[in-house]
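Enquirer: Take a look at this one; I'll ask things after.
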Amino acid sequence: MTRNNNKLDTDRFASVLKALSRHRMFIPIAFLAFLLLINVFINPSFLRVSLGRDSTGSPVLIGNLINILNNATELVILTIGMTLVTASSRGQDISIGATVSIVGGVIMRVLCGNETQPTQLHAPILVALLLGCLAGIACGAFNGILVSKFNIQPMVATLILFTAGRSIGSMAMGGLKPKAAASFGYYGNFIPGFPVPTPILITIGAIVVTLFALKRTNLSLYTRAVGINDKASSLNGLNPALIKFLTFVILGLCVGIAGFVQSSRVQTVNPYTIVPSIEMDVILAVALGGNSLGGGKFNMTGSIVGAYTIQTLTSMLTTLNVNTNAVPVFKAVIIIILVAIQTPMLKSLFVKKVTLSNLTAGAGKERG
Amino acid sequence: MKKLFSLFLVLALVLSLVACGTKADTSTSSDNTTDTTDKAEETKAADTADVKVVVGVVQTNANESDWRTANTKSFNEAFGDAGFELKMVFGEGDHAKQISQAQQLIQEEVDYLVVLGLQATGWEDVAKAAKEAGIPFIMADRKLELSEDLYTAMVCSDFEAEGVKAVDWLKKQALAVNKIVVLGGDTGSSAQLGRSKAMEDGAKANGWEIVFNQNMKGWDETLAKQAVADLIASGTQFSVIYAENDNMARGACDAMDAAGITYGKDGDVKVIAFDANKWALEKVLAGQFNLDVECNPLHGPRIVELINKLEAKETVEKNAYVNEEMFDSATITKEIVDARSY
Numbered sequence: 026m027t028r029n030n031n032k033l034d035t036d037r038f039a040s041v042l043k044a045l046s047r048h049r050m051f052i053p054i055a056f057l058a059f060l061l062l063i064n065v066f067i068n069p070s071f072l073r074v075s076l077g078r079d080s081t082g083s084p085v086l087i088g089n090l091i092n093i094l095n096n097a098t099e100l101v102i103l104t105i106g107m108t109l110v111t112a113s114s115r116g117q118d119i120s121i122g123a124t125v126s127i128v129g130g131v132i133m134r135v136l137c138g139n140e141t142q143p144t145q146l147h148a149p150i151l152v153a154l155l156l157g158c159l160a161g162i163a164c165g166a167f168n169g170i171l172v173s174k175f176n177i178q179p180m181v182a183t184l185i186l187f188t189a190g191r192s193i194g195s196m197a198m199g200g201l202k203p204k205a206a207a208s209f210g211y212y213g214n215f216i217p218g219f220p221v222p223t224p225i226l227i228t229i230g231a232i233v234v235t236l237f238a239l240k241r242t243n244l245s246l247y248t249r250a251v252g253i254n255d256k257a258s259s260l261n262g263l264n265p266a267l268i269k270f271l272t273f274v275i276l277g278l279c280v281g282i283a284g285f286v287q288s289s290r291v292q293t294v295n296p297y298t299i300v301p302s303i304e305m306d307v308i309l310a311v312a313l314g315g316n317s318l319g320g321g322k323f324n325m326t327g328s329i330v331g332a333y334t335i336q337t338l339t340s341m342l343t344t345l346n347v348n349t350n351a352v353p354v355f356k357a358v359i360i361i362i363l364v365a366i367q368t369p370m371l372k373s374l375f376v377k378k379v380t381l382s383n384l385t386a387g388a389g390k391e392r393g
Numbered sequence: 017m018k019k020l021f022s023l024f025l026v027l028a029l030v031l032s033l034v035a036c037g038t039k040a041d042t043s044t045s046s047d048n049t050t051d052t053t054d055k056a057e058e059t060k061a062a063d064t065a066d067v068k069v070v071v072g073v074v075q076t077n078a079n080e081s082d083w084r085t086a087n088t089k090s091f092n093e094a095f096g097d098a099g100f101e102l103k104m105v106f107g108e109g110d111h112a113k114q115i116s117q118a119q120q121l122i123q124e125e126v127d128y129l130v131v132l133g134l135q136a137t138g139w140e141d142v143a144k145a146a147k148e149a150g151i152p153f154i155m156a157d158r159k160l161e162l163s164e165d166l167y168t169a170m171v172c173s174d175f176e177a178e179g180v181k182a183v184d185w186l187k188k189q190a191l192a193v194n195k196i197v198v199l200g201g202d203t204g205s206s207a208q209l210g211r212s213k214a215m216e217d218g219a220k221a222n223g224w225e226i227v228f229n230q231n232m233k234g235w236d237e238t239l240a241k242q243a244v245a246d247l248i249a250s251g252t253q254f255s256v257i258y259a260e261n262d263n264m265a266r267g268a269c270d271a272m273d274a275a276g277i278t279y280g281k282d283g284d285v286k287v288i289a290f291d292a293n294k295w296a297l298e299k300v301l302a303g304q305f306n307l308d309v310e311c312n313p314l315h316g317p318r319i320v321e322l323i324n325k326l327e328a329k330e331t332v333e334k335n336a337y338v339n340e341e342m343f344d345s346a347t348i349t350k351e352i353v354d355a356r357s358y
């Protein structure tokens, strides 16, 4: 009797595993869990979150998990926009690091004017945020027009701002390197008295708004339709150019918010080094989320999980104190493994194995 | 039609960029002219020579830091005073771009080529081309990895010596525990190589423990802050922050502030920084940084002196290092900070 129960259990387990492994979220979440597990294995207190006090005495949450959630903010927000751009335009925007630099430059100029060590802000932070977002949207619209109206390949179109963006950011700052007053730092750090880092709240807000918009509006459907076949969608009454343009504008807005959070972190911006090569991490997050970089269908939650996976990896390389020359190699090896598992060839091998074990379990049941 | 229009749009963009570039150039040259009118006497002396000496300078970035701004200004002013014609180009963080800019300057047949390299390696071809063209190759600020016969002279900061100063200072502090966090600069730049080597050797010689040693891309303040926050969260104990520029030291302090760790003169963690910008010296004065080792940006007058000697066919010191100080929070005074111009 008990033997039979055991068999039933393994049976059920196998079928659940099979169903799970077929779910589109399985691989992205499995990666993240795998990385977190390795971290816990190396440092058992990795997941511990404690309540500490900062130097001014206000309570703050301290822990690796908090750091990962906090530092992933820019990555997650940019990944949301990039997922939509990838889906609709079948290409990637490689200018986001440079446009974050432009946004940062605009925000610093608005807040600091021409002073290098201003003791107070020159403009309300809301104005800086709005102008920053406007700059981001303008960049997105510029890219969007090149891609949607003139049918330039996204990577080529965005190469323009990729090349010029950081210099434009530097010009926007007027060649100065100011540090804004400390109150600007609340948005990239903590609001005094509230223990959760503000960027985490901003990320949650961005994710909620995105998932809500995807569920309640036609954005998701139209984006996919245009990405799969823009001629067919045009015959069905959609305007593919407009939808591609819109996704670039949305990415521009994401760049604006990410630039705002990033420049608030240390209240200063170095236009040449701000978010170094983040475009690669963002594209990778989209790929890790199980999305085709060739456009069409997309999986937003997968992308977001992918962004957290990359931040976990970055944080892991720091806490393990990997030799600085080996860091890129280390990262590359892990990424190759993660991406390779997703290729159809290895995926089919994996699924075959699961079905095989399932079959043998089933055979055992028959015999019993 | 669409194609034509898109071509036009791209052209318009490129041209507007070019326009921006030339605008910047003219503004610097107008700076030069105002300088030259101010110092009419010197220019008269220079005008007696028939042709102006043309010096090509390959600079790293236009607005990388306050330090770099002071550095660029020093070149503009000193060359203007000396009546040299200055052709300054900026690599904007791109090593390959710097190399092609240097080769362009050689083709333009400048009289002297001054290079401030983003990376220490990869300059052999440029140096050889300059040698073949008979253009003296001068290294400034950062020493490049070239054999002695390929360059004419250098006026550089000795980054390893700067690091050794910090190591000696730390030795004198005789701390009970020496657990060091090394925040390195851009991997492969001579400043990073020299400063990291000094601390790695020093730690080996004195039995100190380096608990973290990684380079931050672009000497970035945010990356340094996030790295130190990660170390604190994972329970890594440390007693010294060795940050290879002022900005990364400030980022590390931010992270320690957020976790309630005390640092500086009266704190648990000693903070060592490099470059000694004015704002950083203010932090030293306030006791937030324990030590800041100077890296002097005022290379303009030194290069002018060197070129004048070369013009007069005098022998020059081939490997000249800039004399640099360090500022200790125990001994710094307000006068020193106020005297700082950058």
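Protein sequences, first through last, are from chains H and B. Residues 26 to 393 (my numbering) make up the first sequence, in order. Residues 17 to 358 (my numbering) make up the second sequence, in order. Positions of the beta carbon are idealized from the N, C-alpha and C atoms, including for glycine.
(1) Looking at the unbroken beta strand (DSSP E) that takes in Pro-69/H, where does it start and where does it end?
(2) Using a Cβ cut-off of 7 angstroms (strictly closer), state whether Thr-76/B contacts chain H.
(3) Need the endpoints of the alpha helix (DSSP H) that Arg-241/H sits in, please.
(4) Taking only beta-carbon positions, decide if Ser-116/B is within less than 7 angstroms of chain H.
(5) Any C-beta of chain H sitting closer than 7 angstroms to the C-beta of Gly-210/B?
(6) Taking C-beta pairs closer than 8 angstroms, name the residues in chain H that Glu-237/B reaches, listed in chain order.
(7) For the candidate residues Phe-51/H, Arg-49/H, Arg-78/H and Gln-336/H, whose alpha-carbon lies nearest to that of Ile-216/H?
(8) Tell me whether Asn-96/H sits in a helix, a strand or coil according to DSSP, three-state version.
(9) Would you please verify whether the beta carbon of Ile-87/H is less than 7 angstroms from any beta carbon of chain B?
(10) Would you mind telling me which residues of chain B sit closer than 8 angstroms to Asp-79/H, beta carbon to beta carbon, in chain order?
(11) Determine the direct distance from the alpha carbon of Glu-99/H to that of Ile-303/H, and round the result to whole angstroms.
(12) Over the uninterrupted alpha helix (DSSP H) stretch that includes Gln-178/H, give me the two end residues.
(13) Who are the near neighbours of Arg-115/H in its chain, counting only those whose CB is closer than 7 angstroms to its CB and skipping five residues on each side?
(14) How many Å lie between Leu-301/B and Phe-290/B at the Cα?
(15) Distance check for Glu-216/B and Gly-179/B, CA to CA, integer angstroms please.
(16) Quick check on Lys-233/B - is its C-beta less than 7 angstroms from some C-beta in chain H?
(17) In three-state DSSP terms, what is Asp-291/B?
(18) If I follow the unbroken alpha helix (DSSP H) through Ser-206/B, where does it start and stop?
(19) Can you grab the Cα-Cα spacing for the pair Asp-236/B / Tyr-297/H, in whole Å?
(20) Is the distance from the Cβ of Arg-211/B to the Cβ of Phe-175/B below 7 angstroms?
(21) Note down, in chain order, each residue of its chain lying with its Cβ closer than 6 angstroms to the Cβ of Asp-308/B, except the 5 sequence neighbours on either side.
(22) Am I right that Leu-199/B and Met-232/B are in contact with their C-beta atoms under 8 angstroms? What's the rounded C-beta distance?
(23) Ala-169/B lies in the alpha helix (DSSP H); which residues open and close that run?
(24) Using beta carbons (cut-off 7 angstroms, strictly below), is Pro-69/H in contact with chain B?
(25) Do Val-294/H and Gly-129/H have their C-beta atoms closer together than 7 angstroms?
(26) Classify Asn-64/H as buried or exposed, calling it buried when 16 or more other Cβ atoms lie within 10 Å of its own Cβ.
(27) Rounded to whole angstroms, what's the CA-CA distance from Ile-122/B to Ile-151/B? Just pull it up for me.
(28) Along the chain, which unbroken stretches of the beta strand (DSSP E) at least 3 residues long are found entirely within the segment 244-301 of chain B?
(29) Quick one: grab the DSSP three-state call for Asp-344/B.
(30) Give the interface partners of Gly-218/H over in chain B, defined as CB-CB distance under 8 angstroms, in chain order.
(31) Per DSSP, Gly-226/B is paired with what?
(32) Would you say Lys-202/H reaches chain B, if we count a Cβ-Cβ gap shorter than 7 angstroms as a contact?
(33) Using DSSP bridges, identify the partner residues of Arg-78/H.
(34) Between Gln-242/B and Glu-333/B, what straight-line distance do the alpha-carbon atoms span, to the nearest angstrom?
(35) Using 10 angstroms around the beta-carbon of Met-305/H, count the other beta-carbons present and answer buried if the total reaches 16, otherwise exposed.
(36) Return the bridge partner residues of Tyr-128/B from the DSSP annotation.
Expert: Quick answer:
(1) Looking at the DSSP string, Pro-69/H is not in any beta strand (DSSP E), and its letter there is neither H nor E.
(2) no
(3) 223-241
(4) Between Ser-116/B and chain H, the shortest Cβ-Cβ separation is not below 7 angstroms.
(5) no
(6) Val-291, Thr-293 and Asn-295
(7) Arg-78/H
(8) Residue state, collapsed to three classes: helix.
(9) yes
(10) Asp-273, Ala-274, Ala-275 and Gly-276
(11) For Ile-303/H and Glu-99/H, the distance between alpha carbons rounds to 9 angstroms.
(12) Neither: Gln-178/H is in no alpha helix (DSSP H) and is coded neither H nor E.
(13) Gly-252, Gly-319 and Gly-320
(14) 15 angstroms
(15) 10 angstroms
(16) yes
(17) strand
(18) 206-222
(19) 10 angstroms
(20) yes
(21) Ala-289, Ala-292, Ala-296, Val-300 and Phe-343
(22) 6 angstroms
(23) Boundaries for Ala-169/B: no alpha helix (DSSP H) harbours it, while the beta strand (DSSP E) harbouring it runs 169-172, taken from the DSSP string.
(24) no
(25) yes
(26) By the Cβ-count criterion, Asn-64/H is buried, with 16 or more other Cβ atoms from all chains shown falling within 10 Å of its own Cβ.
(27) Rounded to whole angstroms, Ile-122/B to Ile-151/B spans 8 angstroms at the Cα level.
(28) 256-259 and 286-291
(29) strand
(30) In chain order: nothing, as chain B lies at least about 14 angstroms away.
(31) A small correction: the amino acid at residue 226/B is Ile; Gly does not occupy that position in the sequence shown. Ile-226/B is bridged to Ile-196/B.
(32) Chain B has a Cβ within less than 7 angstroms of the Cβ of Lys-202/H.
(33) Pro-84/H
(34) 44 angstroms
(35) exposed
(36) Val-71/B
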